[in-house]
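Written below as structure tokens is the structure these notes are about.
Now the structure itself:
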């Protein structure tokens, strides 16, 4: 399975959101705006979600994504696998809903920046939650977890992400609180 090293942090103010956009535009160039709706299903382990795209992104194929990640503060390893669903997403969503039950849904506007061809930085505006930043270092086959954490920590310092703003859990878990 592919692996990421990642963090998520709450963005405490709209000014900080603007600062992140400015810094990331300088270092990454133009961003992509993506409107996502994630439906999570009950599972015994990990998380299983069906991701659909809305607005201008309707041309993007829906995806089924399974991932395992510990709920812990700071950089964490995420093992994941995903598959594009083509035009079958509604039928697959219905089957998974019947078989496992829907755990919850997350809607967000995601601004995606790609940093040095390896790291995905998301500025997420999550419905009913607020603004967040996520950094995902996509580990290459020959890279260690330690190397990925180093990249993530350096980028976090550059962006001045406060440890006090780090979030341990998924958006769905925050919505459930």
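Residue numbers (full-length UniProt numbering): 1 to 177. A virtual CB, placed ideally from N, CA and C, is assigned to each residue, including glycine.
Distance from the Cα of residue 114 is smallest, within the candidate group 71, 20 and 24, for 24. Counting along the chain, residue 133 sits inside the beta strand (DSSP E) bounded by residues 130–138. For residue 61, no alpha helix (DSSP H) encloses it, and the DSSP letter there is neither H nor E. Under the DSSP definition of a beta bridge, residue 9 partners with 133 and 166.
Nearest to residue 162 by C-alpha distance, out of 101, 145 and 75, is 75. Bounds of the alpha helix (DSSP H) holding residue 149 are 145–159. Here residue 118 carries a coil assignment [DSSP, helix/strand/coil]. Residue state for residue 141 is assigned as coil, using DSSP reduced to three classes. Pairing residue 111 with residue 137 gives a Cβ-Cβ distance that is not under 8 Å.
Taking the Cβ atoms as the reference, residue 53 lies roughly 4 Å from residue 60, within the contact range of under 8 Å.
In this structure, the beta-carbon distance from residue 153 to residue 17 does not fall below 8 Å. Comparing C-alpha distances from residue 11 to each of 129, 176 and 149 shows the shortest one belongs to 129.
Membership of residue 38 in the beta strand (DSSP E) is indicated by the continuous run 32–41. Contact check for residue 85 against residue 63 passes: the beta carbons are separated by less than 8 Å.
Taking a contact to require three or more Cβ pairs closer than 8 Å, the region 101–108 and the region 34–41 qualify as touching. Residue 134 and residue 141 have their C-alpha atoms some 22 Å from each other. Distance from the CA atom of residue 36 to the CA atom of residue 144, rounded to whole angstroms, is 30 Å. Exclusion of the five residues before and after residue 148 leaves 5, 137 and 139 as the residues of its chain whose Cβ lies within less than 6 Å of its Cβ.
The C-alpha of residue 96 is placed about 10 Å away from the C-alpha of residue 48.
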